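*Asks:*
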């Protein structure tokens with residue numbers, strides 16, 4: 009499903025495509041209106057002031073940035089993924105929304121989420137236990153994709169109950185990693201946040217992970 013700068017993939021055991029196609033422009037327009045009328049919201053790399061009167065998706069972005077120490081736009085993809093997920097009223101067993109590498113998912117069974125690193129780590133995947141669902145899985149990289157990153161991590165991944173939070177903290181985690189020496193402290197620092205379920209990061213041929221996070225090997 010494409011709308012403006014969004015390219016959404018939807019996977020479900022129910023027929024939700026029509027509902028998602030109808031709802032995505034409404035959610036996107038709430039974010040775009042704020043971007044066009046609030047330069048600080050659109051451009052800040054640091055947290056901005058809370059706004060209780062903002063649209064829910066915008067408010068979630070602001071609060072996620074405040075928690076992670078980033079600007080609100082660091083949370084945009086994850087926030088939109090969750091907002092679209094929450095907008096679905098059709099009954100389903102499995103619903104997975106992916107927005108540019110940021111995922112919000114629910115299922116009656118465990119969810120296996122592949123890692124794309126362009127390296128030997130691609131043979132591994134995240135195993136998200138059904139007890140953690142619904143939840144968000146977000147990634148950030150200095151080498152892959154279009155996201156702004158000030159670090160050197162090949163991949164940073166964060167699991168959290170909130171899409172906006174997982175996205176903002178994935179950005180924060182990637183930003184903290186300039187070398188292999190930073191890896192363990194960066195991962196442990198992010199995992200210590202009460203907002204986070206678990207996280208992992210890769211630089212060169214090194215990986216570190218902390219919190220409630222599990223890997224499986226793809227066969």
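Residue numbers (my numbering): 9 to 227.
We put the CB at the ideal spot given by N, CA and C, even for glycine.
Because the structure is a prediction, the values reported are computed rather than measured.
Measure from the alpha carbon of residue 35 to the alpha carbon of each residue in 199, 63, 54 and 52, then state which is nearest.
*Replies:* Looking at the Cα atoms, 63 is the closest of the given residues.
*Asks:* Where do the N-terminal and C-terminal ends of the alpha helix (DSSP H) with residue 197 fall, by residue?
*Replies:* 191 to 199 is the span of the alpha helix (DSSP H), which, as asked, contains residue 197.
*Asks:* State yes or no: is the C-beta of residue 9 nearer than 8 angstroms to some heavy atom of the ligand ZN?
*Replies:* In terms of ligand content, the structure shown is empty, and the ligand ZN therefore cannot be addressed.
*Asks:* Can you pull the DSSP bridge partners for residue 207?
*Replies:* 166 and 218
*Asks:* For residue 106, which residues does DSSP report across the bridge?
*Replies:* 17 and 111
*Asks:* Within 10 angstroms of the Cβ of residue 31, are there 16 or more other Cβ atoms? Answer buried if so, exposed if not.
*Replies:* Buried, because 16 or more other Cβ atoms sit within 10 Å of the Cβ of residue 31.
*Asks:* Can you give the Cα-Cα distance for residue 112 and residue 137, rounded to whole angstroms?
*Replies:* 14 angstroms
*Asks:* By how many angstroms is the C-alpha of residue 142 removed from the C-alpha of residue 104?
*Replies:* 9 angstroms
*Asks:* When you compare each of 172, 68, 146 and 182 to residue 162 by their alpha carbons, which one comes out closest?
*Replies:* Looking at the Cα atoms, 182 is the closest of the given residues.
*Asks:* For the beta strand (DSSP E) holding residue 251, just list the boundary residues, first then last.
*Replies:* Outside the displayed range of the chain (9 to 227) lies residue 251, so it cannot be described from this structure.
*Asks:* Excluding the five sequence neighbours on either side, which residues of its own chain have a C-beta within less than 7 angstroms of the C-beta of residue 38, listed in chain order?
*Replies:* 63, 65 and 66
*Asks:* Residue 133 lies in the alpha helix (DSSP H); which residues open and close that run?
*Replies:* Bounds of any alpha helix (DSSP H) do not take in residue 133; it lies within the beta strand (DSSP E) bounded by 132 to 136.
*Asks:* Using the DSSP secondary-structure output, state which residues sit across from residue 119 in a beta bridge.
*Replies:* Beta-bridge pairing links residue 119 to 136.
*Asks:* Could you tell me the boundaries of the alpha helix (DSSP H) in which residue 174 lies?
*Replies:* Residues 171 to 184.
*Asks:* With DSSP run on the structure shown, which of helix, strand or coil describes residue 9?
*Replies:* coil
*Asks:* Find the nearest neighbour of residue 106 within the set 122, 99, 116 and 117, judged by alpha-carbon distance.
*Replies:* 122
*Asks:* With which residues is residue 143 paired in a DSSP beta bridge?
*Replies:* 113
*Asks:* Residue range of the alpha helix (DSSP H) that residue 58 falls in?
*Replies:* Residue 58 -> no alpha helix (DSSP H), and no H or E assigned at all.
*Asks:* Give a yes or no on whether the C-beta atoms belonging to residue 86 and residue 170 are separated by under 9 angstroms.
*Replies:* yes
*Asks:* If you follow the alpha helix (DSSP H) that residue 45 is part of, which residue opens it and which one closes it?
*Replies:* Element bounds for residue 45: 25 to 45.
*Asks:* Can you tell me which of 160, 56, 119 and 25 puts its alpha carbon nearest to the alpha carbon of residue 99?
*Replies:* Nearest C-alpha to residue 99: 25.
*Asks:* Could you name the residues that DSSP lists as bridge partners for residue 187?
*Replies:* Note: residue 187 sits in no beta bridge, so no partner.
*Asks:* Would you check if the distance between the CB atom of residue 206 and the CB atom of residue 221 is smaller than 9 angstroms?
*Replies:* yes
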